[in-house]
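> Sending over a structure as structure tokens; questions will come in a sec.
Residue numbers (UniProt numbering): 1 to 78.
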């Protein structure tokens, strides 16, 4: 699964539960990047949620961990 598919699931979950601010923060990071930079900006935002917003992280934990795992896979491709 592509990381962007996981991100779309995160958006759906956050929207359904009512965490619109967190959703907007991630979306803002996504929209501010270009090319490969987009992934790293989104990843940074997700890691901040993981560290600072545990309640939100618990709802999207599986998708966040899949996105983090994707970055490990990218390293092996280089």
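Note that CB positions come from ideal geometry on N, CA and C, so glycine has one too.
Please read all numbers here as calculations on a predicted model, not as lab measurements.
Using a Cβ-Cβ cut-off of 6 Å (strictly less than) and excluding sequence neighbours within five positions of residue 10, which residues of its own chain qualify?
Numbered from its first residue, the chain shown carries residue 10 at position 10. Excluding residues within five positions, the ones whose Cβ falls inside 6 Å are 60, 63.
> Here's the rule: buried if 16 or more other CB atoms are within 10 angstroms of the residue's CB, otherwise exposed. What is residue 16?
Your numbering for residue 16 matches position 16 in the chain shown. Residue 16 should be labelled exposed.
> Tell me the rounded alpha-carbon separation between residue 51 and residue 35.
Taking the first residue of the chain shown as 1, we reach residue 51 at position 51. Taking the first residue of the chain shown as 1, we reach residue 35 at position 35. Cα to Cα, residue 51 sits roughly 26 Å from residue 35.
> Using 7 Å as the limit for Cβ to Cβ distance, is residue 39 near chain C?
This model lacks chain C altogether, as it is built from one protein chain only.
> Taking only three categories from DSSP, how would you classify residue 34?
The sequence position of residue 34 within the chain shown is 34, counting from 1. In this structure, residue 34 counts as coil in the three-state DSSP scheme.
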